[in-house]
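J.:
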Amino acid sequence: MPLSTSQSLIIFGIISLITFIIRATPFILFPDNKETPKYIKYLGKVLPSTIIAMLVVYCLKDVNVLAYPNGLPELISIGAIVILHIWKRSTLLSIGGGTLIYMALVQTVFI
Amino acid sequence: MTLNKHKEALKVAFPYTIPVLTGYLMLGAAFGILMKSKNYSLIWTLMSSIFIYAGSMQFVSVGLVASGFNPISAAIMTLLVNARHIFYGIAMLPKFKGLGRKKWYLIHGLSDETFSILSSVKIPSHIDRAWFLFYITLLNQIYWVIGSGLGNLVGSIVSFDIKGIDFVLTALFVVIFIEQLLTKKSHLPEIIGAGSAIACRLIFGPDNFLIPTMILILILVIILKKPLERRT
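Below, the structure is given as structure tokens:
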């Protein structure tokens, strides 16, 4: 271990405490027994769809389109997911199929 | 609630978590192996996955302890990496209303993947809402804890050709994204989210773009409140 037991406990403890505080902040600021401000309600309604889009980009953040393999494995796999999903509309099939295609591509085609 | 009701909630919840099962076992294992490489044993790995339970931050934490004892930079780093969770909370305010004590566990367990499932899932009417949300959250964390524990114990001994399997979590977000596009009339929120993230990724690079993205999203949804409300 790079740090002593107590030092490690302090660092990991701080990280877990702050992570929980961040997650809990909205719920502490806007508790159940108080009417949530209209503006926050609006944000709560509109934010989820924007964040899912942000998370897709976040997952692809390390893709470099300018260097081999130019993001092709991701592009092909996501294309396959779109087609699979519009065709069968089965979440598990789309996710499983897309992942298998991606694995096949990065293991055999774009090595 | 009777035992049967619990079983039913668990049974309905489980299928939603299958993609996360795959992804968390694999990514969790990678985290366990990383902890092992710094000589952190099973108990440290499990504690991290139980009490921190924030994947990317757990990976970052290994780098932090390896760079020496610095509580301040650990605190700042946690704020930066996990700031996006504030958005998840705001989005979940209505869904977590009136859940009593279970709410505090749901808040702790609100990872990227759990958030994406909870925010998109339609809760079947015959199932207890609170326990349904609770079991999805709990199952996901159990996968992560088991994955990281296994990785820490045996990860370096066994090696399969599983390159690319972490794409399963990307696929999960992509499918939820497509589902949104197919079911909702207005695509303005999706355009705002994707547009802001792509723009900030190009400007700020892969490691520092989340915070600017969140700020840009906030500004845009405030400016575009009228058209957004009209169409949803």
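First to last, the protein sequences are chains X and D. Residue numbers in the first sequence follow this note's numbering, run continuously in steps of one, and reach 335 at the last position. Residue numbers in the second sequence follow this note's numbering, run continuously in steps of one, and reach 235 at the last position. Even for Gly, the Cβ is constructed at its ideal location relative to N, Cα and C. Computed from a predicted structure; not experimentally measured.
At the level of alpha carbons, what is the spacing between residue 30 of chain D and residue 187 of chain D?
T.: Looking up residue 30 of chain D in the second sequence gives position 27. Looking up residue 187 of chain D in the second sequence gives position 184. The straight-line gap from Cα to Cα measures roughly 32 angstroms.
J.: Take residue 88 of chain D as the anchor and find which of D:69, D:110, D:125, D:14 has the nearest alpha-carbon.
T.: Start at 1 with the first residue of the second sequence, and residue 88 of chain D comes out as number 85. Taking only the C-alpha atoms, the option nearest residue 88 of chain D is D:110.
J.: Only counting the same chain, and skipping five residues up and downstream in sequence, which positions put a Cβ closer than 8 angstroms to that of residue 153 of chain D?
T.: Walking along the second sequence from the start, residue 153 of chain D turns up at place 150. Correct list, in chain order: 28, 31, 32, 35.
J.: Can you tell me which of the three DSSP states residue 73 of chain D falls into?
T.: Looking up residue 73 of chain D in the second sequence gives position 70. The answer is coil: DSSP assigns residue 73 of chain D none of H, G, I, E or B.
J.: Any idea what DSSP makes of residue 116 of chain D, helix, strand or coil?
T.: Position 113 of the second sequence holds residue 116 of chain D. Looking at residue 116 of chain D - three-state DSSP - the assignment turns out to be helix.
J.: Beta carbons nearer than 8 angstroms to chain D: which residues of the region 278 to 292 of chain X have them?
T.: The region 278 to 292 of chain X vs chain D, Cβ under 8 angstroms: 278, 279, 280, 281, 282, 283, 284, 285, 286.
J.: Can you tell me where the alpha helix (DSSP H) holding residue 260 of chain X begins and where it ends?
T.: Here residue 260 of chain X corresponds to residue number 36 of the first sequence, with the count starting at 1. Element bounds for residue 260 of chain X: n/a, residue is neither H nor E.
J.: Any Cβ of chain X within less than 8 angstroms of the Cβ of residue 58 of chain D?
T.: To locate residue 58 of chain D, count along the second sequence from 1; it is residue 55. Answer no: the Cβ-Cβ gap between residue 58 of chain D and chain X never drops below 8 angstroms.
J.: Shortest alpha-carbon distance to residue 225 of chain D belongs to which of X:334, X:268, X:283, X:330?
T.: For this step, residue 225 of chain D is matched to residue 222 along the second sequence. If we check each option's Cα against that of residue 225 of chain D, X:268 comes out closest.
J.: Determine whether the Cβ of residue 333 of chain X lies closer than 8 angstroms to any Cβ atom of chain D.
T.: As a first step, residue 333 of chain X must be located in the first sequence, where it is residue number 109. No - not a single Cβ of chain D is within 8 angstroms of the one on residue 333 of chain X.
J.: Would you kindly work out how many angstroms separate the C-alpha atoms of residue 100 of chain D and residue 13 of chain D, rounded to a whole number?
T.: Locating residue 100 of chain D in the second sequence gives position 97, where the first residue counts as 1. Locating residue 13 of chain D in the second sequence gives position 10, where the first residue counts as 1. Rounded to whole angstroms, residue 100 of chain D to residue 13 of chain D spans 21 angstroms at the Cα level.
J.: For a test of the three-state rule: what should DSSP assign to residue 282 of chain X, helix, strand or coil?
T.: Position 58 of the first sequence, counting from 1, holds the residue named residue 282 of chain X. Correct three-state label for residue 282 of chain X: helix.
J.: Taking C-beta to C-beta, are residue 271 of chain X and residue 93 of chain D nearer than 8 angstroms?
T.: For the purposes of this step, residue 271 of chain X is identified with residue 47 of the first sequence, where counting begins at 1. For the purposes of this step, residue 93 of chain D is identified with residue 90 of the second sequence, where counting begins at 1. Yes; because the gap between Cβ atoms is below 8 angstroms, this pair is in contact.
J.: Three or more C-beta pairs under 8 angstroms: does that hold for the region 282 to 290 of chain X against the region 193 to 213 of chain D?
T.: The answer is yes - the region 193 to 213 of chain D touches the region 282 to 290 of chain X, with three or more Cβ pairs under 8 angstroms.
J.: Rounded C-beta distance between residue 301 of chain X and residue 178 of chain D? I'm assuming under 8 angstroms.
T.: Taking the first residue of the first sequence as position 1, residue 301 of chain X is located at position 77. Taking the first residue of the second sequence as position 1, residue 178 of chain D is located at position 175. The Cβ separation is near 12 angstroms, so there is no contact.
J.: Does the beta carbon of residue 85 of chain D sit closer than 8 angstroms to a beta carbon anywhere in chain X?
T.: Sequence index remark: in the second sequence, residue 85 of chain D carries index 82 (1-based). For residue 85 of chain D, the answer is yes, since a Cβ of chain X falls inside 8 angstroms of its Cβ.
J.: Between the beta-carbon of residue 67 of chain D and the beta-carbon of residue 235 of chain X, is there less than 8 angstroms?
T.: In the second sequence, the residue the question calls residue 67 of chain D occupies position 64. In the first sequence, the residue the question calls residue 235 of chain X occupies position 11. Yes, Cβ-Cβ distance for residue 67 of chain D and residue 235 of chain X is below 8 angstroms.
J.: What residues in the region 62 to 81 of chain D have a beta carbon less than 7 angstroms from any beta carbon of chain X?
T.: The residues in question are 64, 67, 68, 69, 72, 74, 77, 78, 81.
J.: Count the other CB atoms within 10 Å of the CB of residue 210 of chain D; is the residue buried (16 or more) or exposed (fewer)?
T.: In the second sequence, residue 210 of chain D corresponds to position 207, counting from 1. Counting Cβ neighbours within 10 Å, residue 210 of chain D comes out exposed, since fewer than 16 surround it.
J.: Give me the Cα-Cα distance between residue 335 of chain X and residue 55 of chain D, rounded to the nearest whole angstrom.
T.: Against the first sequence, residue 335 of chain X aligns to sequence position 111. Against the second sequence, residue 55 of chain D aligns to sequence position 52. Roughly 35 angstroms separates the two Cα atoms.
J.: In this structure, does DSSP put residue 305 of chain X in helix, strand or coil?
T.: In the first sequence, residue 305 of chain X corresponds to position 81, counting from 1. Three-state DSSP puts residue 305 of chain X in a helix.
J.: May I ask which residues mark the beginning and end of the alpha helix (DSSP H) holding residue 144 of chain D?
T.: Position 141 of the second sequence, counting from 1, holds the residue named residue 144 of chain D. Residues 132 to 157.
J.: Using 10 angstroms around the beta-carbon of residue 17 of chain D, count the other beta-carbons present and answer buried if the total reaches 16, otherwise exposed.
T.: Working through the second sequence from its first residue, we reach residue 17 of chain D at position 14. Label assigned to residue 17 of chain D: exposed.
J.: Under three-state DSSP, which class holds residue 228 of chain X?
T.: By 1-based counting over the first sequence, the position of residue 228 of chain X is 4. Note: residue 228 of chain X maps to coil in three-state DSSP.
J.: Between residue 303 of chain X and chain D, is there a C-beta pair that is closer than 8 angstroms?
T.: Position 79 of the first sequence holds residue 303 of chain X. Not closer than 8 angstroms to any Cβ of chain D, the Cβ of residue 303 of chain X fails to qualify, so no.
J.: Would you kindly report the start and end of the unbroken alpha helix (DSSP H) that includes residue 258 of chain D?
T.: In the structure displayed, chain D extends from 4 to 235; residue 258 of chain D sits before or after that span and is not available.
J.: Excluding sequence positions up to five away, which residues of its chain have a Cβ less than 8 angstroms from the Cβ of residue 103 of chain D?
T.: Within the second sequence, the letter at position 100 stands for residue 103 of chain D. Correct list, in chain order: 133.
J.: Alpha carbon to alpha carbon, how far is residue 22 of chain D from residue 126 of chain D? Give it in angstroms, no decimals.
T.: Here residue 126 of chain D refers to the residue found at position 123 when the second sequence is read from its first residue. Here residue 22 of chain D refers to the residue found at position 19 when the second sequence is read from its first residue. Using only the alpha carbons, I get a separation of about 18 angstroms.
J.: By the criterion of Cβ-Cβ separation under 9 angstroms, what are the contact partners of residue 261 of chain X in chain D?
T.: Position 37 of the first sequence, counted from the first residue, corresponds to residue 261 of chain X. By Cβ distance, chain D contributes nothing, its closest Cβ being about 10 angstroms from residue 261 of chain X, past 9 angstroms.
J.: For residue 129 of chain D, is the classification buried or exposed, using 16 other Cβ atoms within 10 angstroms of its Cβ as the cut-off for buried?
T.: In the second sequence, counting from the first residue as 1, residue 129 of chain D sits at position 126. When all chains shown are included, residue 129 of chain D counts as exposed.
J.: Can you tell which of X:277, X:321, X:242 has the C-alpha that lies nearest to the C-alpha of residue 80 of chain D?
T.: Counting from 1 along the second sequence, the entry for residue 80 of chain D is found at position 77. For the residues X:277, X:321, X:242, the minimum Cα distance to residue 80 of chain D belongs to X:242.
J.: Closer than 7 angstroms by C-beta to residue 142 of chain D: which residues in its own chain qualify, once you throw out the five before and the five after it? Chain order, please.
T.: Stepping through the second sequence from its first residue, residue 142 of chain D is reached at position 139. For residue 142 of chain D, where only same-chain residues beyond five positions count, the Cβ hits under 7 angstroms are 16, 17, 20.
J.: When you compare the CB positions of residue 323 of chain X and residue 168 of chain D, do they come within less than 8 angstroms of one another, or not?
T.: Here residue 323 of chain X refers to the residue found at position 99 of the first sequence. Here residue 168 of chain D refers to the residue found at position 165 of the second sequence. In this structure, residue 168 of chain D lies closer than 8 angstroms to residue 323 of chain X by Cβ.
J.: With 7 angstroms as the C-beta to C-beta threshold (strictly closer), list the residues of the region 248 to 276 of chain X near chain D in chain order.
T.: Listed in sequence order: 248, 249, 250, 251, 254, 256, 260, 264, 266, 267, 268, 269, 270, 271, 272, 273, 274, 275, 276.
J.: Below 7 angstroms on C-beta distance, what does residue 215 of chain D contact in chain X?
T.: Counting from 1 along the second sequence, the entry for residue 215 of chain D is found at position 212. Residues of chain X passing the Cβ test: none, with the nearest at roughly 11 angstroms.
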